[in-house]
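Residue numbers (the UniProt record's numbering), protein chains in the order written: chain A, 1 to 308; chain B, 1 to 308. So the structure is just underneath, and the comments pick up after that.
There are 2 protein chains.
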Amino acid sequence: MTRSDKPEDLLGISAVERDTGLLKETLRVWERRYGFPMPQRDALGERVYPRAQVERLLQFRRLMDQGWRPGKLMALSEAALQALLASSAGAAPPPEVTAILDTLAARDAVAVRRCLGNRLARDGLARFVLEYAIPVCVEIGQAWARGDLDVGQEHLFTEQLQNCLREAISQTDIEASRPRILLTTFPDEQHTLGLLFAEALLAPAGARCSSIGASTPLADISRTMLDGDFDVLALSFSAAFPARQALSGLQELAARLREGSEIWVGSAVLAAKPKALPGVRYLARMEDTLSALETWRDAHPPAGPAAG
Amino acid sequence: MTRSDKPEDLLGISAVERDTGLLKETLRVWERRYGFPMPQRDALGERVYPRAQVERLLQFRRLMDQGWRPGKLMALSEAALQALLASSAGAAPPPEVTAILDTLAARDAVAVRRCLGNRLARDGLARFVLEYAIPVCVEIGQAWARGDLDVGQEHLFTEQLQNCLREAISQTDIEASRPRILLTTFPDEQHTLGLLFAEALLAPAGARCSSIGASTPLADISRTMLDGDFDVLALSFSAAFPARQALSGLQELAARLREGSEIWVGSAVLAAKPKALPGVRYLARMEDTLSALETWRDAHPPAGPAAG
DNA sequence: GCATAGTTTTGTCCTGGACAAAAATGCGGC
DNA sequence: GCCGCATTTTTGTCCAGGACAAAACTATGC
Numbered sequence: 001m002t003r004s005d006k007p008e009d010l011l012g013i014s015a016v017e018r019d020t021g022l023l024k025e026t027l028r029v030w031e032r033r034y035g036f037p038m039p040q041r042d043a044l045g046e047r048v049y050p051r052a053q054v055e056r057l058l059q060f061r062r063l064m065d066q067g068w069r070p071g072k073l074m075a076l077s078e079a080a081l082q083a084l085l086a087s088s089a090g091a092a093p094p095p096e097v098t099a100i101l102d103t104l105a106a107r108d109a110v111a112v113r114r115c116l117g118n119r120l121a122r123d124g125l126a127r128f129v130l131e132y133a134i135p136v137c138v139e140i141g142q143a144w145a146r147g148d149l150d151v152g153q154e155h156l157f158t159e160q161l162q163n164c165l166r167e168a169i170s171q172t173d174i175e176a177s178r179p180r181i182l183l184t185t186f187p188d189e190q191h192t193l194g195l196l197f198a199e200a201l202l203a204p205a206g207a208r209c210s211s212i213g214a215s216t217p218l219a220d221i222s223r224t225m226l227d228g229d230f231d232v233l234a235l236s237f238s239a240a241f242p243a244r245q246a247l248s249g250l251q252e253l254a255a256r257l258r259e260g261s262e263i264w265v266g267s268a269v270l271a272a273k274p275k276a277l278p279g280v281r282y283l284a285r286m287e288d289t290l291s292a293l294e295t296w297r298d299a300h301p302p303a304g305p306a307a308g
Numbered sequence: 001m002t003r004s005d006k007p008e009d010l011l012g013i014s015a016v017e018r019d020t021g022l023l024k025e026t027l028r029v030w031e032r033r034y035g036f037p038m039p040q041r042d043a044l045g046e047r048v049y050p051r052a053q054v055e056r057l058l059q060f061r062r063l064m065d066q067g068w069r070p071g072k073l074m075a076l077s078e079a080a081l082q083a084l085l086a087s088s089a090g091a092a093p094p095p096e097v098t099a100i101l102d103t104l105a106a107r108d109a110v111a112v113r114r115c116l117g118n119r120l121a122r123d124g125l126a127r128f129v130l131e132y133a134i135p136v137c138v139e140i141g142q143a144w145a146r147g148d149l150d151v152g153q154e155h156l157f158t159e160q161l162q163n164c165l166r167e168a169i170s171q172t173d174i175e176a177s178r179p180r181i182l183l184t185t186f187p188d189e190q191h192t193l194g195l196l197f198a199e200a201l202l203a204p205a206g207a208r209c210s211s212i213g214a215s216t217p218l219a220d221i222s223r224t225m226l227d228g229d230f231d232v233l234a235l236s237f238s239a240a241f242p243a244r245q246a247l248s249g250l251q252e253l254a255a256r257l258r259e260g261s262e263i264w265v266g267s268a269v270l271a272a273k274p275k276a277l278p279g280v281r282y283l284a285r286m287e288d289t290l291s292a293l294e295t296w297r298d299a300h301p302p303a304g305p306a307a308g
């Protein structure tokens with residue numbers, strides 16, 4: 001019943017959806033509006049995409065993830081497009097960052113893990129995250145946008161980094177100290193690396209972290225907060241998350257939580273909006289997590305837990 | 001631009017597609033043909049599915065995975081359907097499984113972790129996975145279906161289980177032995193627990209596992225396989241994953257991989273289909289992973305790797 | 001009893017229209 | 001001159017109903 005097993009380098013619309021992440025509906029409406037992609041038709045009149053068009057679509061997707069819009073890109077000449085792809089490179093990364101890119105180029109999981117492990121052992125968890133892991137992630141994102149790295153390589157890196165961090169976090173003491181912090185993301189937000197970074201900073205600083213992974217319904221977030229006697233809810237948002245949805249969700253949560261508990265919002269994007277909500281604190285950069293912890297501790301001295 | 005943020009327990013068609021694995025087109029054509037599901041409409045005239053209908057759809061999917069066809073199921077009376085479901089329900093869970101449900105009811109992450117840790121220390125990784133973790137996951141799934149557990153509690157459990165497993169896996173030796181196994185899932189398949197279970201069985205048995213997480217594009221899977229000198233590709237599919245998509249993807253991959261390399265497909269659903277593909281092996285249950293490893297080693301004796 | 005031919009079921013594709021959310025742009029007040 | 005708000009453009013996702021091949025089932029002949 002499937003019609004995607006085309007003999008040559010021609011892909012059916014389902015296969016293109018799978019490979020590019022663009023919905024069938026989007027592919028059809030682009031064809032209607034912009035004249036691209038313009039697939040051939042098979043004997044049944046169904047769309048068959050040559051590989052070249054699929055690769056062009058992938059280039060478009062990379063540029064769109066950087067903020068370009070389809071209409072602009074479609075109007076571009078071939079030369080202008082290539083220039084854009086070339087220019088998306090940022091400043092030259094430091095050599096310690098490029099070193100790990102080489103291990104990724106070889107898809108050598110063991111070497112990646114060794115790189116990370118060495119660095120972590122040398123610098124400790126906090127410096128490892130702030131000075132190494134985050135810059136590397138940024139650079140990998142750019143390499144992906146340039147087409148120098150594919151999703152498989154990005155996954156390989158993420159997996160090793162996760163293992164590395166989780167292992168290190170699990171080795172920190174679970175003290176009975178405060179604050180107790182619940183970490184999660186909103187529904188449809190899958191990006192868990194931000195949570196893991198935050199946990200990696202907070203746990204060794206003595207905060208009791210409980211991560212419940214990504215994409216938790218709002219009702220369950222507030223229920224967990226109330227049941228679990230948490231002081232802080234830490235939420236992570238990727239740049240792509242719709243700001244409106246985030247803000248309305250935050251408003252709802254802020255209203256529902258226990259008096260005295262805080263929400264920390266990790267997002268480079270939302271922090272720009274000055275919408276002040278009571279009990280909500282925006283952390284524009286990852287290092288702000290630690291200052292937030294300090295501030296909280298200043299306001300809640302361990303001797304007298306009576307206030308609340 | 002997304003319209004999935006419905007206030008109550010009403011899901012848009014995209015959310016239903018995501019949760020049930022039934023394509024939007026299938027949902028619409030069922031409505032047209034059978035009159036079910038018959039969603040409400042919002043102010044815009046767009047389909048909004050009450051939770052009850054989504055759960056009924058999930059029931060249908062489970063039965064269809066057992067070989068039932070939609071037309072038959074739709075014609076069934078409520079009583080007949082319930083009888084069918086009851087006959088497929090498992091036995092009552094053992095007390096050791098229900099014990100952890102109590103800690104989840106209290107949302108006590110530390111207690112959950114302690115439960116898991118104790119059990120793991122007692123039984124070792126393989127027995128822990130097969131005799132404890134998997135039954136608990138099944139029971140949690142049923143508790144969720146009954147409404148006894150919310151998503152937040154499920155997440156809490158999953159996170160602790162992941163930590164537990166990853167830690168244990170990372171402590172196994174990385175031997176230079178064979179086979180080398182690449183683990184991942186197809187695009188849009190987010191379920192990573194299956195991968196982690198497989199890794200937890202394979203790694204202590206001396207197989208060199210590399211997981212690259214979920215949702216990897218097919219092209220990247222085959223590229224990683226070829227670059228990385230892997231012997232086996234292990235793929236995990238949840239029950240919700242569209243079987244057709246899985247099969248066409250497997251066909252594509254099988255054709256592209258190096259001669260002599262195998263694909264192991266972990267799925268309770270696909271294993272029923274007798275569609276034989278060269279080099280593809282279906283593992284209906286998690287314990288089959290270990291017998292697959294044995295079979296592989298019998299066919300590839302370490303002394304003489306000359307045989308193809 | 002089994003293979004083959006015919007029938008029904010079922011999933012996926014098609015066209016072309018619509019519309020709200022997001023992004024970009026224009027405009028007025030400090 | 002610059003920031004905040006209103007307006008316009010862009011863009012992704014939804015809809016209806018029709019079509020058809022692959023798969024599943026059924027009937028028929030040897």
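Yeah, the Cβ is synthetic: ideal placement off N, Cα and C, and Gly gets one too. In this text the structure is predicted, and so the values were computed from the model without any measurement.
Item	Value
Residue interval of the alpha helix (DSSP H) (run including A/Ile212)	From DSSP, A/Ile212 is part of no alpha helix (DSSP H); its letter is neither H nor E.
Cβ pair count under 8 angstroms reaching 3, the region 215–225 of chain B against the region 147–154 of chain A	yes
Identified DSSP bridge partners for B/Gly266	B/Ser236 and B/Leu283
Within chain B, partners of A/Ile212 - CB distance below 7 angstroms	Gly152, His155, Leu156 and Glu159
Cross-chain neighbours of B/Ile174 in chain A, by beta carbon under 7 angstroms	Val110
C-beta neighbour in chain A for B/Pro278, strict 8 angstroms	no
Beta carbon proximity, B/Ile181 to chain A, threshold 8 angstroms	no
Buried/exposed call for B/Met286, threshold 16 Cβ in 10 Å	buried
Alpha-carbon to alpha-carbon, B/Leu277 and B/Ala307	Since pLDDT at B/Ala307 reaches only 46, below the 50 mark, its modelled position is unreliable, and the value read off the structure follows with that caveat. Answer to the nearest angstrom: the Cα atoms are 21 angstroms apart.
Beta-carbon separation (whole angstroms), A/Thr216 vs A/Thr184, contact threshold 8 angstroms	5 angstroms
Backbone secondary structure at A/Ile13 - three-state DSSP	helix
Within chain A, the residues that B/Ser170 reaches when beta carbons sit closer than 7 angstroms	Asn163 and Glu167
Between the CA atoms of A/Glu167 and B/Ser14 - distance to the nearest angstrom	36 angstroms
A/Thr216: contacting residues in chain B (beta-carbon distance under 8 angstroms)	Val151, Gly152 and His155
Counted within 10 angstroms of its Cβ, other Cβ atoms place A/Pro39 as buried (16 or more) or exposed	buried
Nearest-angstrom Cβ-Cβ length linking B/Trp296 and B/Pro179, presumed shorter than 8 angstroms	6 angstroms
Through-space distance from A/Leu120 to B/Arg62, alpha-carbon basis	45 angstroms
Contact under 8 angstroms by Cβ, B/Arg208 with B/Ser177	yes
Beta-carbon contacts of B/Leu233 that lie in its chain and below 6 angstroms, excluding the five residues immediately before and after	Leu182, Met225 and Ile263
Check whether B/Ala92 and B/Thr103 have beta carbons under 8 angstroms apart	no
Span separating the alpha-carbon of B/Ala126 from that of A/Asn118	29 angstroms
Cβ-Cβ distance between B/Gly21 and B/Phe241 below 8 angstroms	yes
Per-residue burial, A/Arg47 [other beta carbons within 10 Å of its own, 16 or more giving buried]	buried
Within-8 angstroms CB hit, A/Asp227 to chain B	yes
Cβ neighbour criterion (16 or more within 10 Å) applied to A/Ser210	buried
Cβ-Cβ distance between A/Gln162 and A/Leu116 below 8 angstroms	no
For A/Leu101 and A/Gln59, the rounded distance between their alpha carbons	20 angstroms
A/Thr103, enclosing beta strand (DSSP E) - first and last residue	Taken as a continuous stretch (DSSP letters only), A/Thr103 belongs to no beta strand (DSSP E), being part of the alpha helix (DSSP H) at Pro95 to Ala105.
Three-way DSSP call (helix, strand, coil) for B/Ile174 in this model	coil
Identity of the residues DSSP links to B/Arg47 by a beta bridge	B/Arg41
Residue closest to B/Glu175, alpha-carbon to alpha-carbon, out of B/Leu165, B/Gly147, B/Asp123 and B/Pro204	B/Pro204
Residues bridged to B/Leu149 [DSSP beta-bridge criterion]	Paired residue(s): none; B/Leu149 is not in a bridge.
A/Leu23, buried or exposed, once every other Cβ within 10 Å from all chains shown has been counted against 16	exposed
Nearest-angstrom Cβ-Cβ length linking B/Leu196 and B/Leu165, presumed shorter than 8 angstroms	5 angstroms
Within-8 angstroms CB hit, B/Ala219 to chain A	yes
Selected residue, minimal CA-CA separation from B/Gln190, among B/Ala214, B/Ala43, B/Glu139 and B/Gly35	B/Ala214
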